Amino acid sequence: MWITTFDGGNCKTDAQWNNVLRTNGVKIKFIPGFFNDETYHIMKELFPSIDGDFTWGSAWPKYNNPIDWSEDNYRISRSGLTRPPDIYMSSVSPAFFVHYSGRNRVIRSDDHLYARRWEDLISHRNLVDALQIETWNDYGESTYFGPIGQDMPTGTTWVPGFDHTPFLEMTGYYATAFKTGQYPTITADKVFFWGRPHSKNAIATNDNIGRPTNWDWTDDLLWIMLFSTGSGSLRVTMGSSSNTFSVSAGVNKFTLSLADASSITAVLTRNGGEVFNFESDAVKYSSANPAKYNWNYAAAYGP
Numbered sequence: 207m208w209i210t211t212f213d214g215g216n217c218k219t220d221a222q223w224n225n226v227l228r229t230n231g232v233k234i235k236f237i238p239g240f241f242n243d244e245t246y247h248i249m250k251e252l253f254p255s256i257d258g259d260f261t262w263g264s265a266w267p268k269y270n271n272p273i274d275w276s277e278d279n280y281r282i283s284r285s286g287l288t289r290p291p292d293i294y295m296s297s298v299s300p301a302f303f304v305h306y307s308g309r310n311r312v313i314r315s316d317d318h319l320y321a322r323r324w325e326d327l328i329s330h331r332n333l334v335d336a337l338q339i340e341t342w343n344d345y346g347e348s349t350y351f352g353p354i355g356q357d358m359p360t361g362t363t364w365v366p367g368f369d370h371t372p373f374l375e376m377t378g379y380y381a382t383a384f385k386t387g388q389y390p391t392i393t394a395d396k397v398f399f400w401g402r403p404h405s406k407n408a409i410a411t412n413d414n415i416g417r418p419t420n421w422d423w424t425d426d427l428l429w430i431m432l433f434s435t436g437s438g439s440l441r442v443t444m445g446s447s448s449n450t451f452s453v454s455a456g457v458n459k460f461t462l463s464l465a466d467a468s469s470i471t472a473v474l475t476r477n478g479g480e481v482f483n484f485e486s487d488a489v490k491y492s493s494a495n496p497a498k499y500n501w502n503y504a505a506a507y508g509p
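Here's what the structure looks like:
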């Protein structure tokens, strides 16, 4: 049995964790996600009996830049692990935005974050023994990739209507590559896109919480991915914003400027014929000032 945590490194000593976990006859591997400051400490020296180290926060960039390997690289260098038998566990997530009184911030989730992070993990899979997808249903921080349920905290106004299951849909492709070291063959053409409902520069008309910290750590763009079985052209239209992109077999990534729209259309053509004409009203955008701030993404995929 593997057991991990969300923080907890300052709650108990190594001996106390051992007393809780290793005195009931169940054989476990303890791979905690402690948040202890590793600037002056090695994690394995602080907690000699841990079986590994889990870094929760490496799923998102630390600053206003595309995600890279720097957080994992630092964590690995300060973990003190001996692999094997020790385990290094990392993380991947589609987004981060929270907007409660007292907790109100954005972490940059642009740059095709979910796919980019998976691709980074796959290219470093010799250094990573396992990973966690964060999260199934943490609606408050907008990290969910499961279906939206009724179990969200009161006042979570930025989640209803903002589907993240398209990220779940693309997970199998990347998870297979992480586990096997080989990207699977794409057998069906499928487009994904996601975007925010208003400009980062918008001023809310009825929001007493205020703009989130790092409100400008994002770009006013629609993020587009096409899983394509072959070459062709993809035309994406969002209101007055439209562009035609050349595509090749494999995973293609594009962006389009956000524009006022109640739906988005994506048309894929190949060899002079139309492959699909997909329209979705899941992603909407308005240049008008919103009532309340929302840096969460709505996402769609099809056909």
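Numbering (the numbering used here), first residue to last: 207 to 509.
Cβ coordinates follow ideal geometry from the N, Cα and C atoms, glycine included.
Quick caveat, the model's predicted, so the values are computed rather than measured.
Item checked: Start-end ranges of the beta strand (DSSP E) lying completely within the stretch 423-447, minimum 3 residues -> Counting only runs of 3 or more, we get 427-434 and 438-444.
Check: Looking at C-alpha atoms only, which residue of SER283, THR360 and PRO291 is the closest neighbour of HIS305?
Finding: Taking each of SER283, THR360 and PRO291 in turn and checking the Cα distance to HIS305, the smallest one comes out for THR360.
Note to self: Nearest by alpha-carbon distance to PHE260: which of LEU287, SER486 and TYR294 is it?
What the structure shows: TYR294
Check: Given that a residue counts as buried once 16 or more other Cβ atoms are within 10 Å of its Cβ, and exposed if not, what is TRP223?
Finding: buried
Next item on the list: Check PHE482 in the structure and name its three-state DSSP category.
Entry: strand
Next item on the list: In angstroms with no decimal places, state the Cα-to-Cα distance between SER296 and ILE339.
Entry: 9 Å
Next item on the list: Starting from MET376, follow the beta strand (DSSP E) in both directions and report where the run begins and ends.
Entry: No beta strand (DSSP E) holds MET376; the alpha helix (DSSP H) holding it covers 371-386.
Check: Is GLY263 helix, strand or coil when you go by DSSP?
Finding: helix
Notebook entry, point to check: At a cut of 8 Å, does the stretch 209-220 reach the stretch 236-243 through at least three beta carbon pairs?
Noted result: yes
Checklist line | C-beta atoms of ILE282 and ASN420 nearer than 9 Å | finding: no
Note to self: Could you check whether LEU462 and VAL481 sit closer than 9 Å to each other, using their CB atoms as the reference points?
What the structure shows: no
Next item on the list: For HIS305, write down the residues that DSSP places opposite it in a beta bridge.
Entry: ASN310
Next item on the list: Please classify ASN502: is it buried, with 16 or more other beta-carbons within 10 angstroms of its beta-carbon, or exposed?
Entry: buried
Margin query: Quick check on the DSSP output: the alpha helix (DSSP H) that includes PHE281 runs from which residue to which?
Written below: Reading the sequence as shown, one finds Arg at residue 281 and not Phe. From DSSP, the alpha helix (DSSP H) with ARG281 extends over 276-285.
Check: If you pair each beta-carbon of the stretch 391-411 with each one of the stretch 427-443, do three or more pairs fall below 8 Å?
Finding: yes
Next item on the list: Check whether the Cβ atoms of HIS370 and TYR389 lie closer than 9 Å to each other.
Entry: Not in contact: HIS370 and TYR389 (Cβ atoms no closer than 9 Å).
Check: Going by beta carbon distance, what residues of the same chain come within less than 8 Å of LEU337, once the five residues before and after it are set aside?
Finding: MET295, SER296, SER297, VAL298, LEU327 and PHE384
Checklist line | Cβ pair LEU464, SER447 closer than 9 Å | finding: In this structure, the beta-carbon distance from LEU464 to SER447 falls below 9 Å.
Next item on the list: Run the CB neighbour count on LYS233, radius 10 Å, all protein chains shown included, and call it buried at 16 or more, exposed below.
Entry: exposed
Notebook entry, point to check: Grouping DSSP H, G and I as helix and E and B as strand, with all else coil, what is VAL226?
Noted result: helix
Note to self: According to DSSP, simplified to helix, strand and coil, what is ARG289?
What the structure shows: coil
Checklist line | Through-space distance from GLY387 to ARG331, alpha-carbon basis | finding: 8 Å
Checklist line | Between the CA atoms of PHE302 and LEU319 - distance to the nearest angstrom | finding: 10 Å
Notebook entry, point to check: Rounded to the nearest angstrom, how far is the Cβ of ALA497 from that of ALA410, given a contact under 8 Å?
Noted result: 6 Å
Checklist line | For ALA221, three-class secondary structure by DSSP | finding: helix
Margin query: If distances are taken between C-alpha atoms only, which option among ILE392, ILE248, THR382 and ASN495 comes closest to TYR280?
Written below: ILE248
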